[in-house]
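Working notes for the structure below.
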Amino acid sequence: MGTSDKKIYRIEIITRPERLEDLKDALRAVRVTGMTVSQVYGCGLSTGFREVYRGQAVEVNLLPKVKVEIVACEIDPDIIIEAATKACHTGQIGDGKIFVTEVADAVRIRTGERGPAAIMDRQEESAIVDKRVSGNYKD
Amino acid sequence: MNSGDTAFMLIAMAMVMLMTPAIALFYGGMVRVKNVLNTIMQCIVVMGLVSTQWILGGYSLSFGPDLGHLVGNLDWSLFTGVGLAANETYAATIPHALFALFQMMFAIITVGIISGSFVERIKFWPFFLFALIWTTIVYDPVAHWVWGDGGWLKDKGILDFAGGTVIHILSGVSGLVVALVVGKRAGYGRMPMIPHNLPLIIMGMAFLWFGWFGFNGGSALAANGIAAHAMVTTQTAAGIGLLTWIGLETWATGKPTTLGAASGAVSGLVAITPGAGFIPVWSSLIIGAVGGVVCFFAVTQLKNKLRYDDSLDAFGIHGIGGIWGAIATGLFASKEINPAGADGLFFGNIEQLWIQILGVLACLVFAVVVTYIVIKLMTLCMRVRADEGEQIVGMDTMEHGERGYAYMDSLGALSFSNPLTEGCKHKL
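Here the protein sequences come in this chain order: A and B.
Under numbering that gives the first Met the number 0, the first residue of the first sequence carries the number 0, and numbering increases by one thereafter.
Under numbering that gives the first Met the number 0, the first residue of the second sequence carries the number 0, and numbering increases by one thereafter.
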């Protein structure tokens, strides 16, 4: 496919848990077909909240967030960033951050493909990709 | 013998049995996730231990033929002579064996309650040994003093309908003594130690409340008006205790909590226990409400001021609530309600109040002294306290080799803490 000159990069989006579904839709719309999601705790300028258990007060300043990691290659990172920003933006403190880093290498475990080929959609699977991107999750 | 009384007492006995697993859930929800099983286990194992001890000799020590007004002798060991016929002294209309079994459930839950003071830091087998010694040399004699035929407090005329002194004061105070001797949990005061499962606490409270009808109602030992009366006062005291607690915490910290509702209900139940079948219904509102107030301040203020680590407030709720309940019985008891009882201060008999206070002090001093000696000797002979590394990993993994919620991976903490815990060798 002659893609060895393309850069692989990783986009980490840390944002509000309640934005996750919108974010997934927005990413799918720009043909991001894979992602890793983790539940994380974080603090920034958000204020936390206070809990009291039998008089024992607990200040909770680490708030639950989700972290969505995407590794991509042929999609312009700006497109992904723009889609993610739009999906996660509320304008309030606590919307989160997006970090972009370069990735040295990648391996698709199923096929043993390396580099950009490992993370780009395979041509013989483009029918499946089209189905998924259009929101059809049945086989 | 009366088949109605017997049928009622059979059910009441089973209801009280349910209260020990209930307190296991109540306590289990209140600890951190890594200690849930150990906490539950300390209550559950007591069901095996005290059941066995009670048959072997515990019942005889508590209710058997009197020795010097202090303890029963061992004539009734292995329930010798405790059979299908009624015992005229204790309960004339039900089988003696049923009375003994009903009392066994009280002995079990008392030891279960104690554990709430020192969970999350005491090793399992030392706890087991402590429970056996404690129930034999603290619970059994005091049960004899108050309820046993010839017991010195009973002879003085103490009123304890369902176990305010014997059960709640003894367990609360003894728990505190163990907590003080064994020391605070590692990190206490530096890191938050908050309940891991509030719904579990509510489930425990629900079963406790349900069982309490058997506990207080059944203490009438017959299916009669006194049993019904005790159930009425039980319900009203629990209800107003709940309201009092959530009202106070809303005033103090701004929000009503489910933990506060559960704590308030249990405080009301504890407070009404000694008086349930002796006091008029209107006074149950006062007893329950004041129970909520004193327990609330014991748990939220006294504990922080004096800086002791009563893990789950067995002292704050059972000790303090029990003391208030025993004294309140001396204030509100009325012969109009229960001719077998006595009049309290508000019905013209100040003498009863002094007897109640004497009973409280006797139980308090005895529990403190004997428990202190037992736990102190134990700490000299063996390692009672889990060390810091073991506490970091959690008592479930260290003491039982299992986790309450296998999907919540604590292996990270495990590998981090292994070097700290020498002496943890597995034989497998």
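By construction, the Cβ of each residue, glycine as well, lies at the ideal position given by its N, Cα and C atoms.
Since the structure is predicted, the reported quantities are computational estimates derived from the model, not experimental observations.
Of the residues B:Asn337, B:Tyr58, B:Ile225, B:Trp151, the one whose Cα lies closest to the Cα of Asp139 (chain B) is B:Tyr58. DSSP, read as helix, strand or coil, puts Thr109 (chain B) in helix. Under the three-state reduction of DSSP output, Asn196 (chain B) falls in the coil class, being neither helix nor strand. Contact note: Ile193 (chain B) reaches chain A through Glu50, Tyr52, Gln55, Val57, using a C-beta cutoff of 8 Å and chain order. Under the DSSP assignment, Ile7 (chain A) falls in the beta strand (DSSP E) whose first and last residues are 7-14.
The Cβ atoms of Gly324 (chain B) and Ile354 (chain B) do not sit closer than 8 Å to each other. For Gln91 (chain A), the secondary structure class from DSSP, reduced to helix, strand or coil, is coil.
Taking a 10 Å sphere around the C-beta of His95 (chain B), we find 16 or more other C-beta atoms and assign the residue as buried. Under the three-state reduction of DSSP output, Phe214 (chain B) falls in the helix class. Around the beta-carbon of Tyr26 (chain B), 16 or more other beta-carbon atoms lie within 10 Å, marking it buried. Taking a beta-carbon distance threshold of 8 Å, Leu258 (chain B) counts as an interface residue toward chain A. When the Cα atoms are used, Asp4 (chain B) and Leu55 (chain B) turn out to be separated by approximately 27 Å.
In this structure, DSSP gives Gly114 (chain A) a state outside helix and strand, which the three-state scheme calls coil.
Judged by DSSP secondary structure, Arg131 (chain A) falls within the alpha helix (DSSP H) whose first and last residues are 125-132. If you draw a 10 Å sphere on the C-beta of Thr370 (chain B), you find 16 or more other C-beta atoms in it, and that means buried.
In the DSSP annotation of this structure, Gln38 (chain A) is not part of any alpha helix (DSSP H); the continuous beta strand (DSSP E) holding it starts and ends at 35-41.
With contact defined as three or more Cβ pairs closer than 8 Å, the segment 211-221 of chain B and the segment 192-202 of chain B are not in contact.
Where Ala56 (chain A) is concerned, there is no enclosing alpha helix (DSSP H), although the beta strand (DSSP E) around it starts and stops at 55-59. Chain order gives the chain A residues near Ser262 (chain B) as Arg53, where near means a beta carbon separation below 9 Å. The beta carbon of Asp312 (chain B) falls within 8 Å of a beta carbon belonging to chain A, placing the residue at that interface. For Val145 (chain B), none of the residues of chain A pass the 9 Å Cβ criterion, the least Cβ distance being about 30 Å.
Here Ala106 (chain B) is near Val49 (chain B), since their CB atoms are less than 8 Å apart. In the three-state scheme derived from DSSP, where H, G and I count as helix and E and B as strand, Leu258 (chain B) is classed as helix. Distance between Thr134 (chain B) and Ser310 (chain B), taken at the CA atoms: about 21 Å. For a Cβ distance threshold of 9 Å, nothing in chain A lies close to Thr370 (chain B): the least Cβ distance comes to about 24 Å. Residue contact with chain A for Thr38 (chain B): absent (no Cβ-Cβ distance below 8 Å to any residue of chain A). In this structure Ala236 (chain B) is buried. Its beta-carbon is surrounded by 16 or more other beta-carbon atoms within 10 angstroms. Scanning the segment 11-76 of chain B for uninterrupted alpha helix (DSSP H) segments of 4 residues or longer gives 35-52, 58-62, listed from N- to C-terminal end. Out of B:Leu73, B:Glu335, B:Thr272, B:Val176, the CA that lies nearest to the CA of His143 (chain B) is found in B:Leu73. Distance from the Cα of Leu357 (chain B) is smallest, within the candidate group B:Ile157, B:Val367, B:Val44, for B:Ile157.
For the pair Ile10 (chain A) and Gly41 (chain A), the CB atoms are not nearer than the 8 Å cut-off. Put simply, the CB of Thr252 (chain B) is near chain A, with a gap under 8 Å to one of its CB atoms. Beta-bridge annotation (DSSP): Lys64 (chain A) is paired with A:Val39.
In the three-state DSSP reduction, Asn303 (chain B) falls in the helix class (H, G or I). Beyond the five residues adjoining it in sequence on each side, Met204 (chain B) comes within less than 7 Å, by CB distance, of Phe25, Ala261, Ala264, Val265 in the same chain, given in chain order.
Cβ contact annotation for Ala6 (chain B) (same chain, cutoff 8 Å, sequence separation greater than five): Ala222, in chain order.
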